[in-house]
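Colleague: Chains as they are written, first to last, in the numbering used here: chain L, 28 to 359; chain H, 39 to 472. Backbone N, C-alpha and C fix where the C-beta goes; we use that ideal spot for every residue, glycine too. I am attaching a structure below and will ask some questions about it afterwards.
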Amino acid sequence: MRHLLSVDDLGGRAGIERMLDLADSFLAVTRREIPKVPALLGKVVVSLFYEESTRTRLSFETAAKRLSADTMTFSVSTSSVKKGESLLDTVQTIEAMGIDAIVVRHSAAGAPHRITGWTRAAVVNAGDGRHEHPTQALLDAFTLRQHRQIEGTRIAIVGDIVHSRVARSNVKMFAALGADVTLVGPPTLMPESLEGWPVGVSHDLDEVLGEVDIVYLLRIQQERIASGCFPSLREYTARWGLTASRAARLKPDVLVMHPGPMNRGVEIAFDVAGAGISLVTQQVTNGVAVRMAVLFDILQEPKDGEAGDGAPDEGGKQDRPEEDGPKEDGHD
Amino acid sequence: MTEMYLLRGGTIVDGTTDPRRADVFVRDGLIADVGDDIDAAGALVLDAEGCVVAPGLVDIQVHFREPGREDSETIETGSRAAALGGCTAVVCMPNTSPPLDDAAVVQSVLTRGREVGLCDVRAAGCITKGREGRELAPMGELYDAGVRIFTDDGDCVADATVMRRAFEYAGALAGAVVAQHAEDPSLVAGGHMHEGAWSARLGIPGRPSEAEIVIVARDLALARRTGGRYHVLHLSTAGAAELVRRAKAEGLAVTAECTPQHFTLTDACCEGYDPTFKMNPPLRGDEDRDAVRAALVDGTIDAIATDHAPHAPETKAVPFEEAPPGMLGVETAFAVAHTELVVSGALSLQELLARMSWRPAAIAGLRDSHGGPVAPGSPASLCVFDVGERWTVDPGGGASRSRNTPWAGRELLGKVRHTLLGGSATVIDGEATR
Numbered sequence: 028m029r030h031l032l033s034v035d036d037l038g039g040r041a042g043i044e045r046m047l048d049l050a051d052s053f054l055a056v057t058r059r060e061i062p063k064v065p066a067l068l069g070k071v072v073v074s075l076f077y078e079e080s081t082r083t084r085l086s087f088e089t090a091a092k093r094l095s096a097d098t099m100t101f102s103v104s105t106s107s108v109k110k111g112e113s114l115l116d117t118v119q120t121i122e123a124m125g126i127d128a129i130v131v132r133h134s135a136a137g138a139p140h141r142i143t144g145w146t147r148a149a150v151v152n153a154g155d156g157r158h159e160h161p162t163q164a165l166l167d168a169f170t171l172r173q174h175r176q177i178e179g180t181r182i183a184i185v186g187d188i189v190h191s192r193v194a195r196s197n198v199k200m201f202a203a204l205g206a207d208v209t210l211v212g213p214p215t216l217m218p219e220s221l222e223g224w225p226v227g228v229s230h231d232l233d234e235v236l237g238e239v240d241i242v243y244l245l246r247i248q249q250e251r252i253a254s255g256c257f258p259s260l261r262e263y264t265a266r267w268g269l270t271a272s273r274a275a276r277l278k279p280d281v282l283v284m285h286p287g288p289m290n291r292g293v294e295i296a297f298d299v300a301g302a303g304i305s306l307v308t309q310q311v312t313n314g315v316a317v318r319m320a321v322l323f324d325i326l327q328e329p330k331d332g333e334a335g336d337g338a339p340d341e342g343g344k345q346d347r348p349e350e351d352g353p354k355e356d357g358h359d
Numbered sequence: 039m040t041e042m043y044l045l046r047g048g049t050i051v052d053g054t055t056d057p058r059r060a061d062v063f064v065r066d067g068l069i070a071d072v073g074d075d076i077d078a079a080g081a082l083v084l085d086a087e088g089c090v091v092a093p094g095l096v097d098i099q100v101h102f103r104e105p106g107r108e109d110s111e112t113i114e115t116g117s118r119a120a121a122l123g124g125c126t127a128v129v130c131m132p133n134t135s136p137p138l139d140d141a142a143v144v145q146s147v148l149t150r151g152r153e154v155g156l157c158d159v160r161a162a163g164c165i166t167k168g169r170e171g172r173e174l175a176p177m178g179e180l181y182d183a184g185v186r187i188f189t190d191d192g193d194c195v196a197d198a199t200v201m202r203r204a205f206e207y208a209g210a211l212a213g214a215v216v217a218q219h220a221e222d223p224s225l226v227a228g229g230h231m232h233e234g235a236w237s238a239r240l241g242i243p244g245r246p247s248e249a250e251i252v253i254v255a256r257d258l259a260l261a262r263r264t265g266g267r268y269h270v271l272h273l274s275t276a277g278a279a280e281l282v283r284r285a286k287a288e289g290l291a292v293t294a295e296c297t298p299q300h301f302t303l304t305d306a307c308c309e310g311y312d313p314t315f316k317m318n319p320p321l322r323g324d325e326d327r328d329a330v331r332a333a334l335v336d337g338t339i340d341a342i343a344t345d346h347a348p349h350a351p352e353t354k355a356v357p358f359e360e361a362p363p364g365m366l367g368v369e370t371a372f373a374v375a376h377t378e379l380v381v382s383g384a385l386s387l388q389e390l391l392a393r394m395s396w397r398p399a400a401i402a403g404l405r406d407s408h409g410g411p412v413a414p415g416s417p418a419s420l421c422v423f424d425v426g427e428r429w430t431v432d433p434g435g436g437a438s439r440s441r442n443t444p445w446a447g448r449e450l451l452g453k454v455r456h457t458l459l460g461g462s463a464t465v466i467d468g469e470a471t472r
């Protein structure tokens, strides 16, 4: 993989599973006493975030450090960007410092694609506009896989689909892994066209809830009211929120996921978010291991026969303490 | 200084008769003779063997960026590009800085065009002051300065009452036409490409076809009530084409134009997030593209115009959503249209030239000096095309000051060999004369 711009770049089911396996072995690394391997020693990873996202940025930077890469944070808010420097010039300036990968978050869809044309460094998309957020999808699949066989699982993605890069990436991710995906929400929050999307659609959460194994909730933003997507948060919650009473009607083994940050009381009730069935905190923990896998894969070019150097070996995999692994499903 | 030219060996296509082989003798700004064995002693002979000799093209929608954005284009560079594209007349859109809502600014554009002398540069005037969509611009003064097409192009006149008043007021200005950039602002707010399967997939906020359809439908109702003359700029949707078709059948004074990109390219071009393919109205889906082409072929759409919209390279070297909309067009329009429509058999060459020369000339009120028959006594604004020449578009190789062509690398059939403006050569053997 040269760049990770979209879930499409992972190479279909086989590529995704290979990446998840790699993340598994890095998860074991993160649990060691010294959670660090020399895999990317001497490599430089820059995070270039045009939108604030402290959790995603820290997750990538932690992942890079655990692989022994050097990290740089290009702070957009205090830099030359504020003086009007273009994305092109910023990228080429960073490039001139000698870097290997750029992790980019941008409010415009396709900004990471543009950057690939301006640099020799590998580009990792950490979220671009409403387009994609492929590492989020990887970590969601990774978390889910710790609990379930994804093949044949029925997943409802609920909420603001049209504005969500997480939804675009996860639809591709879950479908590639053989899940049966249904998008749920008001028609105003559905994509303008679902041509080519391997999904079903419903506007009735109650009808869907009885049939699904996984409920994936998306963040609802207040500003969608001003743009006429729905009348009020109260009405949204009443129709599409995972309220306590809806949660009580779920099948006992249904898993609830959310990419965060959550609006407790809007798309998810306070108690539901905190309950044992929620995978929300595990999603965050797994983020580092998944991003280690991505950075490792993308920077491990087969040059000078050093490919694989420092990679966690089979022994590393066996190190994984099963008892510390995620709980299997079935608990309440 | 008497300039004399003999266009030798070409085939005349001017819409008056079947194409006919004849030499054309140009003297004192006029076509002096058409025929064989013309005694043209002292004339500069321009080889037209194997070429088509036609009235010069008339592009009724260009942005030459002067005044205001001379880093992107000037009247000089734009005129040169237009001449190389076979144009003898262009109509500059009024969204300059300052805008063409003032007769003095219009005069400065026309004067600069005459000084450059590579093309008959005309100006469209604003419908509203400052293109703000509220109060009418001084349409009478603009008219007196030479404006015939009124538009706030770049922006849609969204307020229905303002549009109604524009139709009514223009009724006092003989030959004036109210032209609309038909995109309902509220439906396209925040949008950057056509709304459809591609925008949904790419995550780029969309501009739906309905934004054009609702404005054209509304404007046609207003034109019907006021008796106003209406022109749809860069028509891009099946829905609007059908509305215009019905309005014409009903007898309304409505005309429409489309761009080469709208009858050739689609929103799939945006797949790589390259802002070269960003424009307003956006490149549409297959269905709209096919409908626009069909409407152009059946005459519902009267004219091809380019919406030549230069943007300096740095303004396009940004993410798609941050780039300004617009594409180059004047240098490639004939070749693209010829390749797409004539080579494919959809139109005869004569039918294509009708859509690129005499019909747009009529819309813009330029038939006195452009698009007339190639006959003795007519103004010698002519173009000579080598319809057999193959060439590949090089974005850096054009005369425009900008490079944002959507046709880069495309092989086209048909190239301008010579252009004459008012009896004076502006292009000889594919090179601008100045």
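1) Tell me whether H/P320 is buried or exposed, calling it buried when 16 or more other Cβ atoms sit within 10 Å of its Cβ.
2) For L/L68, is the classification buried or exposed, using 16 other Cβ atoms within 10 angstroms of its Cβ as the cut-off for buried?
3) Expressed to the nearest angstrom, what Euclidean distance is found between the alpha-carbon atoms of H/S386 and H/P57?
4) Would you say L/R132 reaches chain H, if we count a Cβ-Cβ gap shorter than 8 Å as a contact?
5) Hey, quick one: how far does the beta strand (DSSP E) through H/L459 stretch, first residue to last?
6) Please go through the same chain and pick out, in chain order, the residues whose beta-carbon is closer than 6 Å to the beta-carbon of L/D97, but skip the five residues on each side of it.
7) Spell out whether any CB of chain H is found under 8 Å from the CB atom of L/G69.
8) What whole-angstrom Cβ distance do H/A141 and H/D85 have, given they're in contact under 8 Å?
9) Which residues mark the beginning and the end of the beta strand (DSSP E) in which H/A463 is found?
10) Going by beta carbon distance, what residues of the same chain come within less than 8 Å of L/Q310, once the five residues before and after it are set aside?
11) Any idea what DSSP makes of H/T166, helix, strand or coil?
12) Let me know the secondary structure DSSP gives H/E427 once reduced to three states.
13) Looking only at its own chain, which residues have a Cβ that is under 6 Å from the Cβ of H/V425, when we skip the five neighbours before and after it?
14) Work out the CA separation of H/V254 and H/D222 for me, nearest whole Å.
15) To the nearest angstrom, how far is the alpha carbon of H/E369 from that of H/R103?
16) Helix or strand or just coil, what does DSSP make of L/F20?
17) Please decide whether L/H140 counts as near chain H, where near means a Cβ-Cβ distance under 8 Å.
18) Take L/A294 as the anchor and find which of L/I325, L/L260, L/L282 has the nearest alpha-carbon.
19) Cβ atoms of H/H456 and H/V431: under 8 Å apart, would you say?
20) Pull out every residue of the region 224-239 of chain L whose Cβ sits closer than 8 Å to any Cβ of chain H, in chain order.
21) Kindly indicate which three-state DSSP category H/R472 falls into: helix, strand or coil?
22) Given this structure, state the Cα-to-Cα distance separating H/A238 from L/P139, to the nearest angstrom.
23) Closer than 9 Å between beta carbons: that is the criterion. Which residues of the region 233-253 of chain H meet it against chain L?
24) Of the residues that make up the region 309-334 of chain H, which ones have a beta carbon closer than 9 Å to any beta carbon in chain L?
25) Are the beta-carbon atoms belonging to L/I247 and L/G186 less than 8 Å from one another?
26) With distances taken between CB atoms, is the gap from H/G460 to H/A402 smaller than 8 Å?
27) Quick check on the burial criterion: 16 or more other C-beta atoms within 10 angstroms. Buried or exposed for H/L82?
28) Is H/V503 close to chain L? Criterion is C-beta to C-beta, closer than 8 Å.
29) On a Cα-Cα basis, can you pick out the residue from H/R186, H/V412, H/E173 that is closest to H/G163?
30) With a threshold of 8 Å between beta-carbons, can H/A355 be considered close to chain L, or not?
31) Go ahead and pull the three-state DSSP assignment for L/P279.
32) Does chain H have any CB closer than 8 Å to the CB of L/S104?
33) Which residues in the same chain have their Cβ closer than 7 Å to the Cβ of H/V381, if we skip the five residues on either side of it in sequence?
34) Rounded to the nearest angstrom, how far is the Cβ of H/I76 from that of H/D61, given a contact under 8 Å?
35) Entirely within the region 138-206 of chain L and at least 3 residues each: give me those beta strand (DSSP E) ranges in chain order.
36) Assign H/D326 to buried or exposed, taking buried as 16 or more other Cβ atoms, counted over all protein chains shown, within 10 Å of its Cβ.
Modeller: Quick answer:
1) buried
2) exposed
3) 11 Å
4) no
5) 449-459
6) V71
7) no
8) Contact doesn't hold; Cβ gap of about 44 Å is too wide.
9) Per DSSP, the unbroken beta strand (DSSP E) holding H/A463 starts and ends at 462-466.
10) L166, D167, T170, M284, H285, P286, G287
11) In the three-state reduction of the DSSP assignment, H/T166 falls in the strand class.
12) H/E427 falls in the strand class under three-state DSSP.
13) Hits under 6 Å: V90, G452.
14) 10 Å
15) 16 Å
16) No information on residue 20 of chain L is available, as it lies outside the stretch 28 to 359 that chain L covers here.
17) yes
18) Reading off the sequence shown, one finds Glu at residue 294 of chain L, where the question assumed Ala. For the residues L/I325, L/L260, L/L282, the minimum Cα distance to L/E294 belongs to L/L260.
19) no
20) W224
21) coil
22) Linking H/A238 to L/P139 through their CA atoms gives a straight-line distance of about 18 Å.
23) E233, G234, A235, W236, S237, A238, R239, L240, G241, I242, P243, G244, P246
24) G310, Y311, D312, P313
25) yes
26) no
27) The Cβ neighbour count for H/L82, taken over all protein chains shown within 10 Å, is under 16; the residue is labelled exposed.
28) Since the first and last residues shown for chain H are 39 and 472, residue 503 of chain H lies out of range.
29) Comparing Cα-Cα distances from H/G163 to each of H/R186, H/V412, H/E173, the minimum goes to H/R186.
30) yes
31) coil
32) Closer than 8 Å: no.
33) L451
34) 5 Å
35) 149-155, 181-185
36) buried
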